[in-house]
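Scroll down for the structure; my scribbles are underneath it.
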Amino acid sequence: MKILLATVPPWLPYHSYLSVPLLTGILKENGFSVIQKDYNVEFYNNILSSDEINAQFKLFAKQGATNPDPKKQGLVEISEYLTGQIDMFKSSVKQEESYNDEKLLQNSFEMLDLTLKTFSLNFPEIELALGEVKYLFDHYDIDEVFKYIYDDGNFFRYYFTKYHLQEIQKEQPDVAGFSITTAEQLIPALTFAQILREYKSDIRIFLGGSYISRVAQNLITDNRFNELVNSVLRGYSEDTIGELMQAYQHGRELDHIAGILYRKGENIINAPLPSYKFIKDVPFPNFDNLPFDLYFSPYRKLPVELSKGCYWGKCKFCELNNEVYTAKTAERIFSEVAYLHNRYNVSHFPFVSASPSPKLLYAIATKIKEAGLKITWSTMIRPEAYIDEMFAQRLYDGGMRLAKIGFESGSQKMLDAMNKGMYVESNKNVLRALHMAGINVHGYFMYGYNGETSSDIEKTEIFIKEERPMLTSLATSFYTEIYKPADGLRIYKLPNMDKSKYIKSII
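Sequential numbering from 1 applies to the sequence shown in UniProt numbering.
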């Protein structure tokens, strides 16, 4: 039995994502034949090419559109420039020299985004950007989703048929699994599933990932979904992926598999979610045969998971609130990093866990330093008050180069309301300690949480202004409320708020 596991667009194409290599490693360790694909990075390399961009402009000209809107006309007027320069822009963001010239790098990324707008000429229901797709219809409406999937103007049908159907016909997989972590990935995944189903009606298709785990119960009752998808593995799949493949291989019932969701005749089988704890001997992720040279980065990077859940787990706005926290040991993490470093010649590691303990990070850094392993890494980190200059220096000496911190607000009242369990002055001290050690810091700030006043907003602005020299970069967002359970395909909603008072803050 041959298994295809794939990541689908859109997602930022800077490095491989972990879910597919993690499951590939587990399945290969158990003797299964696995083809793993990063269709996301292939997507951006294929469509951001002179041949494809030229084909789009020719197709638009052939249609003979009269009086196109100014934006489309503007793209047509620079068609020769975009077609002639796109390969250079794409190459630029993959070269280390570009990262020494901030303006050149920014221009290259901006030109990639501009070029991606070309696809709206012929596929007007989408707008593409690097790592994003904007649907010009309600992609949270199930009927609208399936209407687009079967529409002749479905861009993803055009793309997958042109670039991947032939290789699928050659590979002949018996099972296909797609990771869906965002709402924007649902349509590409289901479109590809529909193409596969047309080509090979008996192929078994399953979905997994954080987003589909949240909304699958609202899809499984829809016959259109069940015509395309055999099953959904909800929650953590490390312990259940092998069971599902064994069941498929030997024609067994699926009912006993934790987290399985599927239609069985007129009945819906919805097994309880699996509990999870890290197992010492779980195989390392397998990144074999992934196209490292295609990623939009000048050096290879591989993700490493340290923990699941959040060790604080009390922030009122967060979906990880009250989720069980479990972590690998420092010894296991060091072994994994050293293995990946040696096997794939990789020296940069994004630690992708939501909120690992700073003490765990300290222990990892100590092991890396003591072993003399020449690697660097980035991570989310909670700004605990005990992170002083000596602590930060050890993190740096052990490879930390980027810390991502959710400061959220400069108002102590708001931090208390969010139940962040931290203090504004302590946050400043941690930021300065990391900066002094040479660690870059990316800060996250959130506006619009319940009870926030103009005074609270001003305090956040003051925090950012005063600490800006210490922040390498920052991002702002509006508070969103979480649907539990999901409302159709929606998992977040914006609360009612007067956004006018935030205009100054987010500019």
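Every residue, glycine too, gets a C-beta built ideally from N, C-alpha and C. Note that this is a predicted model, so its numbers are computed, not measured.
Sheet register partners of residue i (DSSP bridge)
i: cysteine 310; result: Ser355
i: glutamate 408; result: Phe445
i: glycine 208; result: Ser179 and Leu233
i: methionine 400; result: Trp377
i: glutamine 106; result: In DSSP, glutamine 106 forms no bridge with anything.
i: proline 350; result: Ser378
i: phenylalanine 478; result: Tyr447
i: arginine 332; result: Paired residues: none, contrary to the question.
i: leucine 59; result: Answer by DSSP bridge pairing: none, since leucine 59 is not bridged.
i: leucine 4; result: Ile35 and Ala176
i: leucine 128; result: Val133
i: leucine 261; result: Val232 and Asn270
i: serine 426; result: Answer is none; serine 426 lacks a bridge partner.
i: asparagine 440; result: Leu402
i: aspartate 143; result: Partner(s): none; aspartate 143 has no beta bridge.
i: arginine 490; result: Asp487
i: alanine 327; result: Ser307
Buried/exposed call for residue i, threshold 16 Cβ in 10 Å
i: arginine 343; result: exposed
i: methionine 245; result: buried
i: alanine 176; result: buried
i: valine 8; result: buried
i: valine 441; result: buried
i: glutamate 42; result: buried
i: serine 378; result: buried
i: valine 232; result: buried
i: lysine 90; result: buried
i: asparagine 427; result: buried
i: asparagine 45; result: buried
i: proline 285; result: buried
i: histidine 100; result: The sequence given here has asparagine at residue 100, not histidine. By the neighbour-count rule (16 or more Cβ atoms within 10 Å), asparagine 100 is not buried but exposed.
i: lysine 37; result: buried
i: asparagine 40; result: buried
i: valine 324; result: exposed
i: isoleucine 53; result: buried
i: glutamate 308; result: Glutamate is not the amino acid found at residue 308; the sequence shown has lysine there. Burial call: buried.
i: arginine 252; result: exposed
i: lysine 134; result: exposed
i: aspartate 456; result: buried
i: alanine 61; result: exposed
i: isoleucine 482; result: exposed
i: isoleucine 86; result: buried
Integer Cβ distance of residue i from residue j, believed to fall under 8 Å
i: alanine 6; j: phenylalanine 178; result: 6 Å
i: valine 337; j: valine 304; result: 6 Å
i: glycine 84; j: glutamate 125; result: Incorrect: roughly 28 Å between the Cβ atoms, too far for contact.
i: glycine 410; j: lysine 459; result: 4 Å
i: isoleucine 195; j: leucine 186; result: Not really, about 15 Å apart at Cβ, beyond 8 Å.
i: tyrosine 479; j: glycine 451; result: That pair is no contact at about 11 Å.
i: glycine 242; j: leucine 27; result: 7 Å
i: phenylalanine 137; j: glutamate 144; result: 5 Å
i: glutamate 132; j: proline 13; result: About 11 Å; that fails the 8 Å criterion.
i: glycine 438; j: tyrosine 386; result: That pair is no contact at about 20 Å.
i: asparagine 226; j: phenylalanine 206; result: Between phenylalanine 206 and asparagine 226 the Cβ distance is about 12 Å, and since that is not below 8 Å, they are no contact.
i: proline 358; j: histidine 15; result: Contact doesn't hold; Cβ gap of about 24 Å is too wide.
i: glutamate 467; j: proline 283; result: Incorrect: roughly 42 Å between the Cβ atoms, too far for contact.
i: residue 593; j: isoleucine 47; result: This structure gives no information on residue 593, because the portion of the chain shown stretches from 1 to 507.
For residue i, three-class secondary structure by DSSP
i: serine 378; result: strand
i: valine 34; result: strand
i: tyrosine 14; result: coil
i: asparagine 286; result: coil
i: alanine 301; result: A small fix is needed here, since residue 301 is lysine in this sequence, not alanine. In the structure shown, lysine 301 sits in a strand (DSSP, three-state: E or B).
i: isoleucine 507; result: For isoleucine 507, the pLDDT reaches just 35, beneath the cut-off of 50, and the residue's location in the model is therefore unreliable, leaving the point undetermined.
i: serine 79; result: helix
i: serine 50; result: helix
i: serine 201; result: coil
i: serine 473; result: strand
i: glutamate 227; result: helix
i: valine 215; result: helix
i: arginine 252; result: coil
i: asparagine 154; result: coil
i: tyrosine 502; result: A caution first: tyrosine 502 carries a pLDDT of 49, below 50, which makes its placement in the model too unreliable to give a value.
i: glutamate 319; result: coil
> Below 8 Å, can you find three or more Cβ-Cβ pairs linking the region 325-333 to the region 295-303?
Replying inline: no
>> Can you confirm whether the region 191-205 touches the region 153-162 when touching is taken to mean that 3 or more C-beta pairs between the two stretches lie within less than 8 Å?
In response: yes
>> Taking 8 Å as the cut-off, does the region 159-173 touch the region 207-215 (at least 3 CB pairs, one atom from each stretch)?
In response: no
>> Quick test of the definition: if touching needs 3 or more C-beta pairs under 8 Å, does the region 244-258 touch the region 266-277?
In response: yes
> Okay, do the region 316-324 and the region 360-370 touch, 3+ Cβ pairs below 8 Å being the bar?
Replying inline: no
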